[in-house]
Structures are given as C-alpha cells and as structure tokens.
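Residue numbers (our numbering): 7 to 499.
Here it is in structure tokens:
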C-alpha cells in the first residue's frame with residue numbers, strides 16, 4: 007500500500023514531464039525553432055468571422071475583405087478550422103511576388119477547376135502546365151494587337167448595323183443591347199461573318215444559362231455539386247459544345263481559309279507539330295467567347311452607367327468625339343481609337359471601380375516573405391491559398407484620391423495615379439504572368455461601341471445606378487440598366 011502511494015506521485019510527475027516534452031516537440035514540428043521563426047500574418051479570429059457572416063450574406067465578400075483590411079492591414083489570414091488557410095494580399099507592396107513568381111512557386115494548380123465544366127475537358131485548367139501554357143499561347147497569338155487592327159472595320163460595321171435598327175427615340179435595356187451587340191462582334195471575330203448571324207439568339211441564351219448557373223461563389227468551391235443550377239449549366243455547355251464542334255468541322259471540311267480566331271486555332275500546332283483536336287479548338291473558342299463576351303459586356307455597361315451618371319465626363323467624351331470627327335471624319339481605325347484618350351480613361355475608371363473579376367486566387371508552393379507599406383515583414387507559409395482582392399486593391403486611398411468617386415482624369419498625364427502608386431496598383435486585368443490576354447481587344451470593342459453611341463444618340467440613364475452582383479465570382483451590373491435615347495448626329499469641331 008505504501009509502495010503504491012509512493013509510486014503514484016512519481017508516475018504523475020513523469021507523465022507531466024512527458025506531456026510537456028511531447029507538446030514542445032509538436033510545437034517545434036509545426037512552427038520550427040523559436041530563434042528562426044519569422045512572423046506570420048495576423049489571423050482573423052473565429053469570433054470576427056462569425057460576426058461578419060450576416061454582412062457576407064447580405065453585402066458580399068468585398069465589404070468583409072475591406073473591413074478586415076482596415077482592421078488587420080494589407081496581409082492577413084483566414085483559417086478554416088486549421089485545415090484550410092487563405093492569406094489575403096492587398097496592395098502593390100505585397101502582391102509583386104503573387105503576380106510575377108514562376109509556377110514552381112506561385113501556382114494556379116486546380117484552384118480554377120470550376121471553369122472545367124464551362125470550358126470543357128482537355129483545355130486550360132484541365133491539362134498539365136506545359137499544355138495549358140501552349141494553349142494560352144495559341145489564344146494570345148490569335149488576338150494579339152497586330153491582328154486585332156484588322157478587325158476594327160468589322161467591329162465598326164457590326165456596331166453601325168446593329169444600332170441602325172434603333173428608332174428615332176425610345177427606351178432600351180443597355181445591358182441587354184450591349185450584350186447582343188458584343189455577341190455579334192464575338193461571333194464575327196471568332197467564327198467568321200458567315201456563321202455569326204445564325205448563332206446570335208441561341209448562343210446568347212446558352213451563354214446566359216452557363217453564366218447564370220455556373221458562376222456563383224458556391225460553384226467555385228463545389229463545381230460538381232449535383233444541384234439543379236449545375237445541371238442547367240452542364241446542359242447548356244453540352245449544347246454549345248455541339249454547335250461549335252459542328253462549326254469547326256464545317257470549316258475544316260470546306261477548305262475555306264478564314265481571317266478569324268477559328269482559323270488561327272485550326273492552323274496552330276503543338277511543339278511536336280500535331281494540331282489541336284476538334285474538342286480542344288471548341289473548348290478554347292468557348293473560353294474566349296465566354297471570357298471575352300462576359301467581361302467586355304460588363305465593362306461596356308459599367309462605362310455607360312458611369313458616363314450617363316456624370317455629366318462632366320460625358321460632355322468631355324462627346325467633345326473628344328467632335329474633335330476626332332473634325333480630324334478624321336466618320337472614319338474609325340485602330341490608330342484613331344488610340345487617340346481617344348478621354349474615352350479610354352472613362353473606361354479604365356469604370357473598370358477600377360467595377361472590376362470584372364473581384365478575386366484572384368493562387369497557391370503558394372513555396373514559402374515567401376512580403377513587406378508591408380508600414381515596414382512589417384511576414385512569411386507566407388508553403389501550402390497557403392493566396393487571394394488578391396481586385397476591388398479592394400483598386401480602391402486604396404493612399405494610391406487613388408477619393409477612390410469612391412468616379413474620376414477618369416486620375417489616369418491623365420500629370421496625375422497618372424496608378425503609375426505613381428507603383429506596379430500592380432491597377433489590377434483590373436490582373437497582372438504579371440497571368441495578365442488578361444484580352445485587354446487590348448476589350449478596350450477596342452468598348453471604344454468602338456461608345457464612340458458610335460456618343461456621336462449618334464442623346465442618352466439618359468432612367469433607372470437607378472446598378473449595384474454589383476456581389477454573389478457572383480465574376481460580378482456584373484445587377485438587373486436592367488434602362489436608358490432612353492434620341493437619335494442625333496454631332497457636328498465636328
């Protein structure tokens with residue numbers, strides 16, 4: 007009895023010592039030796055996450071991210087039960103590595119798997135890095151600025167033909183009209199003039215079904231969840247794939263040589279000199295059509311809503327058109343579009359405030375360090391998911407004066423706030439290794455459209471200024487954007 011009583015305290019002490027040793031070893035295993043440990047970003051508390059949930063559900067992610075940025079600074083981490091960690095990087099000081107690092111360090115990995123049901127198997131985010139890089143090169147080559155110059159006449163003709171169908175005056179949904187207009191442009195530039203007239207209504211409907219059912223935030227996390235919206239998405243994608251597949255085969259079998267993106271894809275070859283399959287061409291066509299049409303439509307609509315809500319800049323854009331007409335008449339080409347500086351700034355400012363992609367996602371394959379504007383250094387551990395909020399970064403008050411005010415002249419010579427702020431201060435088209443390859447085409451399309459509208463119509467926004475579709479991964483203006491018009495033709499100065 008005495009022996010048992012004497013042994014019990016000893017065992018207790020030994021057990022406590024062993025427990026302390028194990029805990030210390032576990033801590034070292036997780037965070038490394040104390041003397042070598044670098045500070046990691048502040049972690050958002052679960053208390054805050056729970057309190058922010060109602061805001062997230064009613065106002066969207068950007069409001070919550072902005073609030074966390076205000077409270078925690080330009081680098082902070084969300085920890086989901088210690089299993090999934092997402093580190094947010096806000097501002098040019100901490101995003102250089104995010105945008106510029108090679109795939110071996112900062113990777114897309116399978117983070118964009120939600121696009122596979124939309125673009126299809128065997129293309130872009132469903133293939134290995136080498137194949138994806140080559141396919142992106144095919145797309146870049148097909149819409150490079152030198153080739154785009156040849157499309158300006160086609161764009162101008164499409165715009166003139168479409169808006170000639172408007173009456174002398176009336177009321178339209180600007181969002182729908184621009185969407186239809188850009189579908190004609192995309193069809194002509196991607197597939198050729200002989201196809202685009204036959205596909206407008208059906209393709210527009212199918213793209214709307216894919217967009218409406220496949221770009222919600224839950225689709226990003228659970229792209230294959232068997233829910234009705236995903237079933238509608240898949241049904242629309244199958245039908246669109248069949249249509250485009252038929253177009254590809256028709257072009258190949260006809261022997262006709264087109265001057266469009268489809269022809270560029272047919273002529274493209276991988277390094278071992280084999281051509282893309284019909285399915286690969288179809289997938290890339292859908293990717294370009296979906297991405298280009300969706301983003302350009304949103305951009306053109308936001309530009310219109312902003313211009314028609316700010317008389318000062320609308321008048322300035324019209325005066326610029328008068329000067330262009332005085333110099334060149336009604337003729338529009340690539341060079342003339344490049345001289346429309348005021349209109350360019352108006353588009354760029356609309357995109358700063360209403361970016362077509364609200365959140366850019368990457369994966370840290372290696373740890374790296376960032377230094378904040380205040381001088382704090384943090385180590386981002388390997389394995390973290392990385393996120394850069396385009397909307398928050400584009401509205402930083404230390405870069406953009408009064409960022410919540412629409413002010414296109416902030417980009418004009420003498421101010422150039424985005425350049426003064428440093429590289430990656432303006433990220434509406436992403437940046438670095440994954441910069442949007444359709445940036446030049448987007449500006450060109452929107453300029454052609456608004457150049458024509460400003461010259462030929464008196465326009466007035468009669469519905470409230472639209473809200474952002476914050477619940478979507480690629481947000482656009484919510485609802486209808488109603489505009490009244492009256493036909494006119496401005497006189498050159």
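Positions of the beta carbon are idealized from the N, C-alpha and C atoms, including for glycine.
Predicted, not measured: the structure shown is a model, and the values here were computed from it.
Return the Cβ separation of residue 352 and residue 306 in integer angstroms, given the expectation that the two are a contact with Cβ distance under 8 Å.
Not confirmed; about 11 Å, so no contact.
Nearest-angstrom Cα distance between residue 284 and residue 217?
Cα to Cα, residue 284 sits roughly 24 Å from residue 217.
Is DSSP giving residue 483 helix, strand or coil here?
Residue state, collapsed to three classes: strand.
Using the Cα positions of residue 34 and residue 189, report the straight-line distance between them to the nearest angstrom.
Its pLDDT being 46, under 50, residue 34 is placed unreliably in this model, and the value from its coordinates should be taken loosely. Near 58 Å, if we compare the C-alpha coordinates of residue 189 and residue 34.
Please determine, among 84, 166, 70, the residue with the shortest C-alpha to C-alpha distance to residue 462.
The residue with the shortest Cα to Cα distance from residue 462 is 166.
What residue range is occupied by the uninterrupted alpha helix (DSSP H) comprising residue 236?
234 to 260 is the span of the alpha helix (DSSP H), which, as asked, contains residue 236.
Let me know the secondary structure DSSP gives residue 394 once reduced to three states.
Reduced to three states, the DSSP call for residue 394 is strand.
From residue 196 to residue 264, what does the alpha carbon distance come to, in whole angstroms?
Cα to Cα, the separation comes out at about 10 Å.
What's the call for residue 39, buried or exposed, on a 16-neighbour Cβ count within 10 Å?
Low confidence applies to residue 39: its pLDDT is 43, below 50, so where it sits in the model is not reliable, and the reading given next is rough at best. The residue in question, residue 39, is exposed, as its Cβ has fewer than 16 Cβ neighbours within 10 Å.
Could you check what DSSP says for residue 452 in three-state terms: helix, strand or coil?
Reduced to three states, the DSSP call for residue 452 is helix.
Where DSSP assigns a beta bridge to residue 222, which residues make up the other side?
478.
Grouping DSSP H, G and I as helix and E and B as strand, with all else coil, what is residue 370?
In the structure shown, residue 370 sits in a strand (DSSP, three-state: E or B).
Taking residue 295 as the reference, give the member of 108, 447, 349 with the closest Cα.
Cα-wise, what sits closest to residue 295 is 447.
According to DSSP, simplified to helix, strand and coil, what is residue 178?
In this structure, residue 178 counts as strand in the three-state DSSP scheme.
Determine the closest residue to residue 367 out of 389, 381, 395, 341, with distance taken between C-alpha atoms.
Closest by alpha carbon: 395.
Would residue 74 pass as a contact of residue 86 if the rule is Cβ separation under 7 Å?
Contact flag unset, no.
To the nearest angstrom, how far is the alpha carbon of residue 158 from that of residue 103?
Roughly 36 Å separates the two Cα atoms.
Does the distance from the C-beta atom of residue 308 to that of residue 350 stay below 7 Å?
Going by C-beta atoms, residue 308 is not nearer than 7 Å to residue 350.
Do the segment 474 to 491 and the segment 177 to 192 touch if we need at least three Cβ pairs shorter than 8 Å?
Contact between the segment 474 to 491 and the segment 177 to 192 is present, because at least three Cβ pairs lie under 8 Å.
As a quick exercise: from 257, 261, 220, pick the residue whose alpha carbon is nearest that of residue 241.
It is 220 whose Cα lies nearest to the Cα of residue 241.
Assuming residue 138 is part of the alpha helix (DSSP H), what are its boundary residues?
Per DSSP, residue 138 belongs to the alpha helix (DSSP H) from 135 to 148.
Please classify residue 70 as buried or exposed, where buried requires at least 16 neighbouring CB atoms within 10 angstroms.
Buried: at least 16 other Cβ atoms inside 10 Å.
Quick one: which unbroken alpha helix (DSSP H) runs of 4-plus residues sit fully inside the segment 400 to 479? Chain order, please.
If we require 4 residues or more, the alpha helix (DSSP H) runs fully inside the segment 400 to 479 come out as 423 to 426, 445 to 462.
According to DSSP, is residue 362 part of a helix, a strand, or is it coil?
Residue 362 falls in the coil class under three-state DSSP.
In its own chain, which residues sit with a C-beta less than 7 Å from the C-beta of residue 472, not counting the 5 before and 5 after it?
For residue 472, where only same-chain residues beyond five positions count, the Cβ hits under 7 Å are 311, 483, 484, 485, 487.
How many whole angstroms separate the CB atoms of residue 120 and residue 226, which I take to be in contact at a CB cut-off of 8 Å?
Between residue 226 and residue 120 the Cβ distance is about 5 Å, and since that is below 8 Å, they are a contact.
Run through DSSP, which three-state label would residue 490 get?
DSSP places residue 490 in strand when its eight states are reduced to three.
My assumption, with CB atoms under 8 Å, is that residue 442 sits in contact with residue 290. Please give the rounded CB distance.
About 15 Å separates the two Cβ atoms, so there is no contact after all.
Quick one: Cα of residue 476 to Cα of residue 280, how far?
Their backbone Cα atoms lie some 43 Å apart in a straight line.
Assign residue 114 to one of three DSSP states: helix, strand, or coil.
Residue 114 falls in the coil class under three-state DSSP.
Does DSSP put residue 80 in a helix, a strand or coil?
Coil, per DSSP.
So what's residue 109 in DSSP terms, helix, strand or just coil?
If DSSP states are grouped into helix, strand and coil, residue 109 belongs with coil.
Which runs of the alpha helix (DSSP H) fall wholly inside the segment 41 to 70 and span at least 4 residues, in chain order?
Listed in chain order, the complete alpha helix (DSSP H) runs (minimum 4 residues) inside the segment 41 to 70 are 52 to 65.
Could you tell me which residues DSSP pairs with residue 92 in its beta bridges?
Bridge partners of residue 92: 84, 391.
Taking 7 Å as the CB-CB cut-off, is residue 452 touching chain E?
Here chain E cannot be found, since the structure has a single protein chain.
Counting C-beta neighbours from all protein chains within 10 Å, is the total for residue 347 16 or more, i.e. buried, or is it exposed?
The residue in question, residue 347, is exposed, as its Cβ has fewer than 16 Cβ neighbours within 10 Å.
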